[in-house]
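Trainee: Have a look at this one.
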Amino acid sequence: MNNTAARAFSLILHTNHPEFLRRLEQCCNLNLRIAEINKSDRSIQPFSFLC
Numbered sequence: 000m001n002n003t004a005a006r007a008f009s010l011i012l013h014t015n016h017p018e019f020l021r022r023l024e025q026c027c028n029l030n031l032r033i034a035e036i037n038k039s040d041r042s043i044q045p046f047s048f049l050c
């Protein structure tokens with residue numbers, strides 16, 4: 000763990016954890032899917048169901 004970062008930030012990522020890279024890759028893939036949906040016709044406008 001980076002002690003300097005630990006003093007500056009309240010949350011420190013445990014990058015040495017065996018699952019870290021797999022989970023980071025999963026987050027990246029999900030983020031790409033969300034971006035694709037946002038650009039497509041399948042995206043909905045926030046609160047459009049209220050109108």
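FYI, numbering that gives the first Met the number 0 numbers position 29 of the sequence shown as 28, with every residue one higher than the one before it.
Virtual Cβ for every residue (Gly too), placed ideally from N, Cα, C.
Quick one: give me the first and last residue of the alpha helix (DSSP H) that ILE36 is part of.
Mentor: The sequence position of residue 36 within the sequence shown is 37, counting from 1. Looking at the DSSP string, the run of the alpha helix (DSSP H) that includes ILE36 is 19-38.
Trainee: Measuring straight from C-alpha to C-alpha, what distance separates SER39 and THR3?
Mentor: Numbered from 1 along the sequence shown, position 40 holds the residue referred to as residue 39. Numbered from 1 along the sequence shown, position 4 holds the residue referred to as residue 3. If you take the alpha carbons of SER39 and THR3, they lie about 42 Å apart.
Trainee: Express the C-alpha separation of ILE36 and ARG6 in angstroms, rounding to a whole number.
Mentor: For the purposes of this step, residue 6 is taken as the residue at position 7 of the sequence shown. For the purposes of this step, residue 36 is taken as the residue at position 37 of the sequence shown. Roughly 38 Å separates the two Cα atoms.
Trainee: With H, G and I counted as helix, E and B as strand and the rest as coil, what does DSSP make of ASN74?
Mentor: Nothing can be reported for residue 74: it is not among the residues displayed for the chain, which extend from 0 to 50.
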